[in-house]
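*Asks:* Below are the structure tokens for one structure; questions will follow.
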Amino acid sequence: MSEAQMTAGDLRGALADGPALPRSIVSMLDVTRPMLEHCFRMAALLEQAPRTSCAGVIAGRTMAVMFYQQSTRTRMSFEAAMLRVGGHVIGFADPATTRAVGFYEETLEDVVRFTAQMSDLLVLRHPETGSAARAAQCSPVPVVNAGDGYGEHPTQAMGDLYRIHKHFGRVDGLTVGIVGHLGWRAHRSLVMGLSLFGVRLLVLEPPGSSMPDDVAQLLRQRGTAVEMCGGIGEILARADLVTTLGVYHSNFHADFDDKANVASKQSTPTPDNYRITAQAVAQLGRPIAVLHIGPIADHIDRALDPMPQAHYFKQARDCVWLRCALLGLMLGRAP
Amino acid sequence: MSEAQMTAGDLRGALADGPALPRSIVSMLDVTRPMLEHCFRMAALLEQAPRTSCAGVIAGRTMAVMFYQQSTRTRMSFEAAMLRVGGHVIGFADPATTRAVGFYEETLEDVVRFTAQMSDLLVLRHPETGSAARAAQCSPVPVVNAGDGYGEHPTQAMGDLYRIHKHFGRVDGLTVGIVGHLGWRAHRSLVMGLSLFGVRLLVLEPPGSSMPDDVAQLLRQRGTAVEMCGGIGEILARADLVTTLGVYHSNFHADFDDKANVASKQSTPTPDNYRITAQAVAQLGRPIAVLHIGPIADHIDRALDPMPQAHYFKQARDCVWLRCALLGLMLGRAP
Amino acid sequence: MSEAQMTAGDLRGALADGPALPRSIVSMLDVTRPMLEHCFRMAALLEQAPRTSCAGVIAGRTMAVMFYQQSTRTRMSFEAAMLRVGGHVIGFADPATTRAVGFYEETLEDVVRFTAQMSDLLVLRHPETGSAARAAQCSPVPVVNAGDGYGEHPTQAMGDLYRIHKHFGRVDGLTVGIVGHLGWRAHRSLVMGLSLFGVRLLVLEPPGSSMPDDVAQLLRQRGTAVEMCGGIGEILARADLVTTLGVYHSNFHADFDDKANVASKQSTPTPDNYRITAQAVAQLGRPIAVLHIGPIADHIDRALDPMPQAHYFKQARDCVWLRCALLGLMLGRAP
Chain D
365 MSEAQMTAGD LRGALADGPA LPRSIVSMLD VTRPMLEHCF RMAALLEQAP RTSCAGVIAG
425 RTMAVMFYQQ STRTRMSFEA AMLRVGGHVI GFADPATTRA VGFYEETLED VVRFTAQMSD
485 LLVLRHPETG SAARAAQCSP VPVVNAGDGY GEHPTQAMGD LYRIHKHFGR VDGLTVGIVG
545 HLGWRAHRSL VMGLSLFGVR LLVLEPPGSS MPDDVAQLLR QRGTAVEMCG GIGEILARAD
605 LVTTLGVYHS NFHADFDDKA NVASKQSTPT PDNYRITAQA VAQLGRPIAV LHIGPIADHI
665 DRALDPMPQA HYFKQARDCV WLRCALLGLM LGRAP
Chain E
365 MSEAQMTAGD LRGALADGPA LPRSIVSMLD VTRPMLEHCF RMAALLEQAP RTSCAGVIAG
425 RTMAVMFYQQ STRTRMSFEA AMLRVGGHVI GFADPATTRA VGFYEETLED VVRFTAQMSD
485 LLVLRHPETG SAARAAQCSP VPVVNAGDGY GEHPTQAMGD LYRIHKHFGR VDGLTVGIVG
545 HLGWRAHRSL VMGLSLFGVR LLVLEPPGSS MPDDVAQLLR QRGTAVEMCG GIGEILARAD
605 LVTTLGVYHS NFHADFDDKA NVASKQSTPT PDNYRITAQA VAQLGRPIAV LHIGPIADHI
665 DRALDPMPQA HYFKQARDCV WLRCALLGLM LGRAP
Chain V
365 MSEAQMTAGD LRGALADGPA LPRSIVSMLD VTRPMLEHCF RMAALLEQAP RTSCAGVIAG
425 RTMAVMFYQQ STRTRMSFEA AMLRVGGHVI GFADPATTRA VGFYEETLED VVRFTAQMSD
485 LLVLRHPETG SAARAAQCSP VPVVNAGDGY GEHPTQAMGD LYRIHKHFGR VDGLTVGIVG
545 HLGWRAHRSL VMGLSLFGVR LLVLEPPGSS MPDDVAQLLR QRGTAVEMCG GIGEILARAD
605 LVTTLGVYHS NFHADFDDKA NVASKQSTPT PDNYRITAQA VAQLGRPIAV LHIGPIADHI
665 DRALDPMPQA HYFKQARDCV WLRCALLGLM LGRAP
């Protein structure tokens, strides 16, 4: 059967025809390679199926977004995905609209437990590392971690890997450059995900920063080849793809009111040795894919935008489809 | 016919097969006992019907949420309910996103009248007592009061009564403990609702506080048995169920910007004589139901959470189904 | 076929049976008279068709609202319209919930390009004049301008014209009074739209203010009859309809945090010579239509509200239907 003729029932059947995801997605450590590959297959299938079939995958299920930190992409991506597969969305984009802020300072656990009574799945972004694990622990419904402090951001990593898989047709065998601290949540999750495949990592940590112990240990355990690099040139010279969060980053523990976070903003531009320029990419004389999860600061030269090497916008699009698959697998598998 | 086989048409027929609700729900005084009992029946029916039938109850109608005060549960509960019965949701969770705040300071009446042009029903939370009545007065579409200052919160009371009815199989004959000031909006509405049944009320007002005149007068008129208690022990000893808002409470007149409200937060813990502890409940040697509308502060010992006596999470779940019934009755009755 | 029997397919067919709209709607200069008239026809058709047919016009398409400025009506109107024609809605009502505010200060262009990956159409309100054009330039999906600084607000004008057309059965031949500065975005767009018809404009600019050059030049080019008036009396004496934004206005460049804007609020009441009173309208002895896009300040005497001459609430309702037509034409035309 061609994908363009698939019904909602066919899609639900296909979802069931592969490994189940864990109840909650807190860490990339929860996700196995077969699960990831099933997500990739389903994302591709959903993208090619008629929109009306896609809208029948999840009937009458409700996702609650609980965003205690700012988000441009992740929240909208989850919402677009949930609506696209036929579900409903409730929740909050700003905790100041809830009782979590102000007189009551309602605990995360209570907001989780009460919100779970009104929904079938929670998507949580929160400034505290470990908050998603705490939520998953006390929630009667599945929890998806959409970023917890300096912890993880697993669905971002899954979406990124889907883009990589889609572009290269594989993940195995790729040489992957990573610029930025591997203790930043999206990077930590991505590296955990990459380590499920046979990749070589070229890592450029910010000046004075080094790979966190937990990441280093996992990579050793999984036998992933890692090289620490001294500059962006080394990465561009050898990588099939490079993803960067730059050298400076927002404080992941910051909540909406953290003026200190904004005040801490570095006016110093990213050092040249950490910037990806259009010229450097163009001069390579061989293909390379530049990924970025956004927001994009000065560590990517925006002259790169129209070049085929720039994958960040396609990446955001693929993340929606990956999340369609994820939500379908978590909520819409045929019984 | 079994509930599990009911179609959307069956559900619409069942909605029509009972007393109509008033056009707007501003106060529990607007709601009669037969209306309430029809809501309970419909809530149960909707919960047991297939989700797809439930989603066909309201076709293409739009609810607007207008929240001028913070809310964790009420707004999400209404939204989840409206989506579950097939409707759409628009509105605002923070008035600062509208013209009601800032240069124009658009009046409540105008926001109501304009929003009503774009929707079929308004759900209003507002810091001013009487605001919901004002809104219902000027709105061309039905208004549901989701909390007005120190006035009422009728749908919370309806949901609470549904939980009570569901758990005990009846409301008549129950002895109901209430901790907190009966002038707080959820308590006022609940007492008004309870007075439609043959209940005995055991009331524990905060230190120095007494029952508001309007509540006292209504209870006299309706012949409801009321005893003022001096401590939580008296209530636990005799009540079938107890609900509490504690001794301290957020200022219900506060809007989003009221820093004084937060600053007024009592650091003093709730006196023992007003706290419900897991130990006290466990030692009763007989069943009791502990309700709470949330947010839960220190007046409930959270060791109670996993005990069968704790009903607050189930209560939040039942409130969604009660609101499904309410919205169905207000917008989806078969012609 | 009667409108009440039209199916979603019939409606899509009707949408296709007329001139296409431009890809993006940035300015009323993008809209021709045949396009506008097709929008009017479609708005009327959608209003009269069954809601269930209306809901089938757009299947599975997603609109993203991107509101960098406060809005009571425009955002809710777009959302109500999109949901009514069967689409989905994502987005933000407050940029502080995104990465556009705070540490990253993500550029408008980036927020546009990323949001466009998750949606099929963007609706943008932004304090900078020209922002919608910038967005349309860089967006891979259509952009609708919902107000850009002191630029335009074309869909407001389209809705206003639909109300006028619906009430008078025509726009040609009408004498239209306009109170307020024609450089304010809704007025600029309205005058541009009116100039597509054979109207006579009676303009009352605020004291010390005059018509902007671009508007004056367009009106000359299009041969629109314009008279500058010295007071509201002249307009009421002769106009078939009058619309007003008063004499004072919010700073259209202000964003959410602009306290100066609120502080600049004029405590001076609108001069009598610029106010529309119920008495003056009643004494005319002939019909006149008073329009207002809201929020309504003291330049309209609210004793007018219940009088048949007051059109502002009907106008808000018609704006939803016009936007249903617009979204249908932009996203739901039969292939």
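Protein chains in written order, with our numbering: chain D, 365 to 699; chain E, 365 to 699; chain V, 365 to 699. For every residue, glycine included, the Cβ atom is placed at its ideal position computed from N, Cα and C.
Given that a residue counts as buried once 16 or more other Cβ atoms are within 10 Å of its Cβ, and exposed if not, what is V:Arg534?
*Replies:* Burial call: exposed.
*Asks:* Can you find a CB in chain E that lies within less than 8 Å of the CB of V:Asp636?
*Replies:* No, its Cβ sits nowhere closer than 8 Å to a Cβ of chain E.
*Asks:* Who are the neighbours of V:Pro659 on chain E, taking C-beta pairs under 7 Å?
*Replies:* Within chain E, the residues near V:Pro659 are Arg463, Tyr468, Glu470, Asp474.
*Asks:* For E:Met592, which of helix, strand or coil comes out of DSSP?
*Replies:* Strand.
*Asks:* For D:Leu410 versus D:Gly692, is the C-beta distance shorter than 8 Å?
*Replies:* Result yes, Cβ atoms of D:Leu410 and D:Gly692 sit closer than 8 Å.
*Asks:* With 16 other CB atoms within 10 Å as the buried threshold, where does D:Ser435 fall?
*Replies:* Answer is buried; the Cβ neighbour count reaches 16.
*Asks:* Are the C-beta of V:Met482 and some C-beta of chain D separated by less than 8 Å?
*Replies:* It does: the Cβ of V:Met482 has a partner Cβ on chain D nearer than 8 Å.
*Asks:* So D:Ala464 and D:Val505 are supposed to be a Cβ contact under 8 Å. How far apart are they, rounded?
*Replies:* Wrong, their Cβ atoms sit about 18 Å apart, outside the cutoff.
*Asks:* Checking contacts by CB at 8 Å: is E:Gly420 closer than that to chain V?
*Replies:* It does not: the Cβ of E:Gly420 has no partner Cβ on chain V nearer than 8 Å.
*Asks:* Check each candidate in D:Arg405, D:Ala674, D:Ala589 and name the one with the smallest Cα separation from D:Ala646.
*Replies:* That would be D:Ala674, whose Cα lies nearest to the Cα of D:Ala646.
*Asks:* Say whether chain E places a C-beta atom closer than 8 Å to the C-beta of V:Val684.
*Replies:* Taking Cβ atoms only, chain E reaches closer than 8 Å to V:Val684, which makes this a yes.
*Asks:* Could you please give the first and the last residue of the uninterrupted alpha helix (DSSP H) stretch that includes D:Ala445?
*Replies:* Run containing D:Ala445: 438 to 448, per the alpha helix (DSSP H) assignment.
*Asks:* Could you name the residues that DSSP lists as bridge partners for V:Arg564?
*Replies:* Beta-bridge pairing links V:Arg564 to V:Thr539, V:Ala589.
*Asks:* Below 8 Å on the Cβ atoms is my guess for V:Val476 versus V:Gly696; work out the distance and round it to an integer in Å.
*Replies:* In fact, because the Cβ distance is near 22 Å, the residues do not count as touching under 8 Å.
*Asks:* Where are the beta strand (DSSP E) runs, 3 residues long or more, that stay fully inside the stretch 623 to 692 of chain V, in chain order?
*Replies:* DSSP runs (the beta strand (DSSP E)) wholly in the stretch 623 to 692 of chain V: 653 to 655.
*Asks:* Would you list, in chain order, the members of the stretch 426 to 437 of chain E that have their beta-carbon closer than 8 Å to a beta-carbon of chain D?
*Replies:* Within the stretch 426 to 437 of chain E, the residues whose Cβ lies closer than 8 Å to some Cβ of chain D are Phe431, Gln434, Ser435, Thr436, Arg437, listed in chain order.
*Asks:* Check the Cβ of E:Asp604 against every Cβ in chain D and list those closer than 8 Å, keeping chain order.
*Replies:* Near E:Asp604 there are no residues of chain D at all, since even the closest Cβ is about 23 Å away, more than 8 Å.
*Asks:* If you measure from the beta carbon of E:Gly455 to each beta carbon in chain V, is any gap under 8 Å?
*Replies:* Cβ-Cβ to chain V under 8 Å: yes for E:Gly455.
*Asks:* My assumption, with CB atoms under 8 Å, is that V:Val507 sits in contact with V:Val390. Please give the rounded CB distance.
*Replies:* The Cβ separation is near 7 Å, so the contact holds.
*Asks:* At a CB distance below 8 Å, what residues from the stretch 495 to 525 of chain V approach chain D? Give them in sequence order.
*Replies:* Answer in chain order: Pro504.
*Asks:* For D:Thr438 versus D:Arg376, is the C-beta distance shorter than 8 Å?
*Replies:* For D:Thr438 and D:Arg376, no; Cβs fall outside 8 Å.
*Asks:* Please report the residue range of the beta strand (DSSP E) in which D:Val505 lies.
*Replies:* Neither: D:Val505 is in no beta strand (DSSP E) and is coded neither H nor E.
*Asks:* Report yes or no: do the stretch 519 to 528 of chain V and the stretch 400 to 415 of chain V share at least 3 C-beta pairs separated by less than 8 Å?
*Replies:* Cβ pair count under 8 Å is three or more, so yes.
*Asks:* Counting only Cβ pairs nearer than 8 Å, list the residues of chain D close to V:Gly424.
*Replies:* The contacting residues are Arg415, Thr416, Cys418, Ala419, Arg448.
*Asks:* Less than 8 Å between the beta carbons of E:Leu566 and E:Ile599, yes or no?
*Replies:* In contact: E:Leu566 and E:Ile599 (Cβ atoms closer than 8 Å).
*Asks:* Over what stretch of residues does the beta strand (DSSP E) that includes V:Arg489 continue unbroken?
*Replies:* 485 to 490 is the span of the beta strand (DSSP E), which, as asked, contains V:Arg489.
*Asks:* Quick check on V:His490 - is its C-beta less than 8 Å from some C-beta in chain C?
*Replies:* The structure shown contains no chain C; the protein chains it does contain are D, E and V.
*Asks:* Under a three-way DSSP split, which group does D:Asp512 fall into?
*Replies:* Residue state, collapsed to three classes: strand.
*Asks:* Classify V:Phe431 as helix, strand or coil using the three-state DSSP reduction.
*Replies:* Residue state, collapsed to three classes: strand.
*Asks:* Where does E:His529 sit, in a helix, a strand or coil, going by DSSP?
*Replies:* Helix at E:His529.
*Asks:* If you compare alpha carbons, which of E:His529, E:Gln520, E:Phe532, E:Phe561 is closest to E:Arg549?
*Replies:* Considering only alpha carbons, the answer is E:Gln520.
*Asks:* Tell me the residue span of the beta strand (DSSP E) that contains D:Phe478.
*Replies:* Where D:Phe478 is concerned, there is no enclosing beta strand (DSSP E), although the alpha helix (DSSP H) it sits in stretches over 472 to 480.
*Asks:* Taking 8 Å as the threshold (beta carbon to beta carbon), is E:Met440 in contact with chain D?
*Replies:* So yes, E:Met440 belongs to the interface.
*Asks:* Among D:Ala500, D:Asp619, D:Thr608, D:Asp636, whose alpha-carbon lies nearest the alpha-carbon of D:Asp394?
*Replies:* The option with the nearest alpha carbon to D:Asp394 is D:Ala500.
*Asks:* Quick check on DSSP: helix, strand or coil for V:Gly572?
*Replies:* If DSSP states are grouped into helix, strand and coil, V:Gly572 belongs with coil.
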